[in-house]
Every structure is written in structure tokens, then in C-alpha cells.
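Numbering (this note's numbering), first residue to last: 100 to 618.
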């Protein structure tokens, strides 16, 4: 018999193999600006009732996009790639769970070119959530099983290539479900729907630094839908329980703090599952997985003004996933600073700046910068590098032979992910390039003051025409004058930036000698 998502999403029969649907509305700029659709799935033990729909954002013009065997065994959560107009669908079938990808055409009224991104043939394992970051080129998805080894977080390319296991088993979570992304910080959020101690987890795009940001210890309550609003610093999530008062739509910060219950109980849904944010219109869509009369509801961002977008009247069917495909502003970050690394006055052949963003930004190249000031003539920007995933960048500049002011500017954000909202060009701190070499003004005996002495030590004061980098003993040498004098140079001490005392110790011979600068 077909293993339906129905049994896993039933309101009063929630268990560990519950199928979750992901909604993550893409943050990129859509190929069809007028798309503005909401997509949702229904699932049933009867194959003909497994359906994928689209509708306008007010619920009008519902359109059946795919159904039955052509769709999935147990269609569930969704993710949308707004740049490429592609829809990702989870199949939570526990015999062969999959992730499918469709091309969305006709302004959201048709789907074509279905391909399989992932297949899991492990008995009892269901694909539980999916999210996409089209700018970074990644799809993230989870699988869940009664056996811990089947609990996994995966990452692959947009076409299913290069599948990588990021987290797995007991070190991951008890019952991984929905997935959401913060593409600005490149972090993954996962809902743990374990009914004893549900939680929300966070890790990096590479699976590193997993941490629990929020824990729910209410018995028989599950963390289900999960959505991230990186631009405004919020997470939205749903909880579902056999106790109606624990059916909640909640908002918190990206760190899991400042929990706010936006709506709950009958004002929300009978079995709230996935939640999706319509970023363009600041509305929240919630799928109700109740298998008697489930549906899709729309709320404003404060959880008020509920409107029914779709009602599922087929007994035994439930709405199992929802995602918004609409035009939304891409995420951005800001420039914090563009500061010098080397001394402000310099004659170095290469000087460096540190570019700091408010959040990690990738794709920075030399072409994003320009140089200004008199010393820009003959100077070139080198290859920027980062050691912390794009939060800060070192930008080297090879200086020319021209003296004067040299300023590095962030001229554009072309090719960077995310974009930059700071007004560009952004001028960094300036260097004063001194391309005239300092000259030696004098070398004068300090001690002893007389030319003839029996002392075996002496100190010379060396004065340059301008400030220089502190010289070392190796920059000086003893020069014997018609004699066999030998000796050593001691530690050079600064009198000021252009004047230094150089100690000399005579170790052998006699006669006249002097101190010379050798490099």
C-alpha cells in the first residue's frame, strides 16, 4: 500500500517519521517579476489526491500543476528558486524519498522539465525539508528515520550534483525536519520536531559550528514550519500539538531570543505545518495539515488579519507544504570600514587595506575597487583575500613611483553575494606615499666626546632627513681607517623618528675608525 504523508501529518497521531515541508521564498531577483504566486501541495493515501497547486497571493485562480504518480508518492515541503523560476518538491515516501525540481512557466501556471535531485532508498527514511540558495548555488535538505543513521542534513548543487552530508546521526538531531537559510551569514537553520524536546538548530553552510538556538520541552509538541527573514533579523516557526493551545506561530531573533507568539489555537490553524514569508508584501502563509479540512491561510507579519487562501475539502487529504514565489528585493549587507593596514605615511611597494562588511560577503574581486589621489598613477589593485568567509577582506595595492595621497575606494558591488546597500563608491582611509628616499644628514660621536680615547665602546648619533623605519644593527658597520680595528654593533635606540643612537663595542686592534650606513 502506498505510504502516504497523511499518517505522519495527522493532527492527533504525530510521530517521529512526520513529513515536513519546507518553504523558503528565495531572496534573489526573479526572472519573471510578475510571478506573484503561492505554491502548495496536498497529500493523501489515494494517489489521485497527491497534488501540486499554484494560486494568486489572494487565493484566486487556483491551478493544478501536477498530480498523482507524475508528482510524488507523498508530496511535502517546497522551496522556490526565484532567480531561475524553479520549484523544489520533497517526496516524503518512506520507501524511496526524493527531491524533485520543476521549471515554473506561464507566470506560475505550469511546471515542466521535472528532474530528480536526490533519491533515498533506505526503508523508513523520509525527505523532510528543503531550502535553496540560488546565489550560492546550493540546495539543502534533510532526511528523517527512526534509526539515527537516517537523520541527515545534505547539500548539493542546484541540479543535484555534488551531494554532501553536512550533519548526521546522534550528533545532528533527533528528528530533523524543516530547513531555512540565512544567505547573508550563510547559515542553515533546521527544525528538530522531536516531541520530547523539539528545538531549532543552526550551523554553517559547510555543516560546521552546530548550535541549538531554541529548545521546546513541551511534551507531544513539534517544531514544524521554519522560515528566516535575514533582512529584518527574524525567524518564524510553527508548533503543532494535540493540545490546541500549543498550536502556535512564533517569531524570534536569528539567535533564538525575544520570542513572540503572533497567533495560536483556533485563530491560527488546526495543524499548522509549513510557514512562508512573502517578502515583497510582508505577509506570512501557513499550511494547515489537518486531514479533515486543511488549507492555506495568510496573515500579516504580526500574525493578524487571517485570510483563507485555499480550503482542502477532500477527506483524508492534507495541505503538506507551501511556498511563495514572488518578486522580492535581494538581501544586502553594508560596508563597515575600509581601513589602512600599514602606517599612514609609507614608501612601501605594496600597501594594504582591510574591507569589513556587516555580514559575510563573497565574490569580491579587484574589479570592485578604484584608486584615487595623486599617487594612484601607476598603482594597481591586487587580488582581495578573505580568511573568515567574507566578513573581512585584505586588499593589496601595488604602489607606483608617484608621491602623494593614495585612496582605495569600493567602487561597485558587481558579482558580490549578497549585494551592498551602502552608497557606492565608498572611500577608504588614505595613505601619503613618500617616494623620495630619505638622505643621511650626519653621523656624530656622542660618547666619548673626544676623538682619541682608550674606551672600548662608543655611541654615534645618526640623523636622517626625515622619519624612517627603525633601523637595525645590520644596517650599520664599523669602517677601519688605516688601522686593524674590529668590533660589533649593539642595539639601535630611537631618539625620535629620524634620529637614532648606535652603540659600538671594540673587540680588537687599535687606530682610527668610523661608523658607516651600509644599507
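Heads up, the beta-carbon is just placed ideally off N, CA and C, and yes, glycines get one too.
| Would you call residue 321 buried or exposed, if buried means 16 or more other Cβ atoms sit within 10 Å of its Cβ? | Sixteen is the threshold: when 16 or more other Cβ atoms of the shown chains lie within 10 Å of the Cβ of residue 321, as they do, the residue is buried.
| Secondary structure, beta strand (DSSP E): runs of 3+ residues fully inside the stretch 366 to 405 | The stretch 366 to 405 is shown to contain whole beta strand (DSSP E) runs of 3 or more residues at 371 to 377, 382 to 387 and 394 to 399, in chain order.
| task | Tell me, please, whether the stretch 276 to 290 touches the stretch 302 to 316 by the rule of three or more beta-carbon pairs shorter than 8 Å. | result | By the Cβ rule, the stretch 276 to 290 counts as touching the stretch 302 to 316, because three or more pairs are nearer than 8 Å.
| query | For residue 613, which residues from the same chain have a beta carbon less than 7 Å from its beta carbon, with the 5 sequence-adjacent residues on both sides left out? | reply | Result list for residue 613: 578 and 580, in chain order.
| request: Enumerate in chain order the residues of its own chain whose CB-to-CB distance from residue 558 is below 6 Å, with the five nearest sequence positions on each side excluded. | output: Within the same chain, Cβ atoms closer than 6 Å to the Cβ of residue 558 are found at 545, 546, 600 and 602, the five residues on either side in sequence being excluded.
| query | Any idea if residue 463 is buried or exposed, counting beta-carbon neighbours within 10 angstroms, 16 or more meaning buried? | reply | Its Cβ being crowded by 16 or more others within 10 Å, residue 463 is buried.
| request: Reducing DSSP to helix, strand and coil, say where residue 446 ends up. | output: In the structure shown, residue 446 sits in coil (DSSP, three-state: anything other than H, G, I, E or B).
| field | Length of the line joining the Cα atoms of residue 215 and residue 446 | value | Rounded to the nearest angstrom, the two C-alpha atoms are 59 Å apart.
| Looking at the unbroken beta strand (DSSP E) that takes in residue 292, where does it start and where does it end? | Element bounds for residue 292: n/a, residue is neither H nor E.
| said: For a quick check, are the C-beta atoms of residue 432 and residue 210 less than 7 Å apart? | reply: With contacts defined as CB atoms closer than 7 Å, residue 432 and residue 210 fail to qualify as a contacting pair.
| message | Let me check one thing: in DSSP terms, what residues is residue 347 bridge-paired to? | response | Looking at the DSSP output, residue 347 sits in a beta bridge with 338 and 363.
| request: Taking all protein chains shown into account, decide if residue 611 is buried (16 or more other Cβ within 10 angstroms of its Cβ) or exposed. | output: Residue 611 is classed as exposed because its beta carbon has fewer than 16 other beta carbons within 10 Å across all chains shown.
| said: Just to confirm before moving on: does the CB-CB distance between residue 203 and residue 177 stay below 7 Å? | reply: In this structure, residue 177 does not lie closer than 7 Å to residue 203 by Cβ.
| said: Suppose you measure from the CA of residue 403 to the CA of residue 337; what does that come to, to the nearest Å? | reply: In this model, residue 403 and residue 337 are separated by some 15 Å (Cα to Cα).
| request: Measure the alpha-carbon distance for residue 293 versus residue 174 and round it to whole angstroms. | output: In a straight line, the C-alpha of residue 293 is about 21 Å away from that of residue 174.
| field | The beta strand (DSSP E) enclosing residue 543, as first and last residue numbers | value | Taken as a continuous stretch (DSSP letters only), the beta strand (DSSP E) holding residue 543 covers 539 to 546.
| field | Assumed close pair residue 523, residue 509 - CB separation to whole angstroms, cut-off 8 Å | value | Right, the Cβ-Cβ distance comes to about 6 Å (below 8 Å), so this counts as a contact.
| field | Environment of residue 387 [buried if 16+ CB atoms lie within 10 Å] | value | That one is buried.
| task | Let me know if residue 358 comes out buried or exposed under the rule of 16 or more other beta-carbons within 10 Å of its beta-carbon. | result | Around the beta carbon of residue 358, a 10 Å sphere encloses fewer than 16 other beta carbons of the protein chains shown; the residue is thus reported as exposed.
| field | residue 319 and residue 340 closer than 7 Å at C-beta | value | Taking 7 Å as the Cβ cut-off, residue 319 and residue 340 qualify as a contacting pair.
| Nonlocal neighbours in the same chain, by C-beta distance under 6 Å from residue 350, ignoring five residues either side | Contacts found: 333, 335, 359 and 361.
| Could you check where the beta strand (DSSP E) with residue 312 kicks off and where it finishes? | Here the beta strand (DSSP E) through residue 312 covers 310 to 315.
| How big is the Cα-Cα spacing for residue 128 and residue 184? | Only weak support is given to the placement of residue 128: the predicted model assigns it a pLDDT of 35, under 50, and the question is left unresolved by the model.
| task | State the beta-bridge partners of residue 424 as determined by DSSP. | result | In the DSSP output, where bridge partners are listed per residue, residue 424 has 136.
| request: Inspect the CB distances between the stretch 255 to 266 and the stretch 219 to 227 and report whether three or more fall short of 8 Å. | output: Taking 8 Å as the limit for Cβ pairs, the verdict is that the stretch 219 to 227 does not touch the stretch 255 to 266.
| Whole-number beta carbon distance between residue 541 and residue 497, since they are thought to touch under 8 Å | Between residue 541 and residue 497 the Cβ distance is about 34 Å, and since that is not below 8 Å, they are no contact.
| message | So, for residue 136: in the same chain, excluding its five sequence neighbours on each side, which residues have a beta-carbon less than 6 Å away from its beta-carbon? | response | If we look at residue 136 and ignore the five residues flanking it on each side, its Cβ neighbours are 153, 207 and 424.
| From residue 385 to residue 218, what does the alpha carbon distance come to, in whole angstroms? | Those two C-alpha atoms are separated by around 27 Å.
| said: For residue 190, which residues in the same chain have their Cβ closer than 8 Å to its Cβ, ignoring the five residues on either side in sequence? | reply: Excluding residues within five positions, the ones whose Cβ falls inside 8 Å are 171, 172, 173, 174, 175, 196, 197, 198, 199 and 226.
| Which two residues bound the contiguous beta strand (DSSP E) that contains residue 619? | Nothing about residue 619 can be reported from this structure: the residues present for the chain run from 100 to 618 only.
| residue 568, DSSP secondary structure in three states | In the structure shown, residue 568 sits in coil (DSSP, three-state: anything other than H, G, I, E or B).
| query | Nearest to residue 594 by alpha carbon, out of 145, 308 and 567? | reply | Nearest option by C-alpha distance: 567.
| Extent of the continuous beta strand (DSSP E) run through residue 605 | Looking at the DSSP string, the run of the beta strand (DSSP E) that includes residue 605 is 598 to 607.
| What is the DSSP secondary structure of residue 474, counted as helix, strand or coil? | The answer is helix: DSSP assigns residue 474 an H, G or I state.
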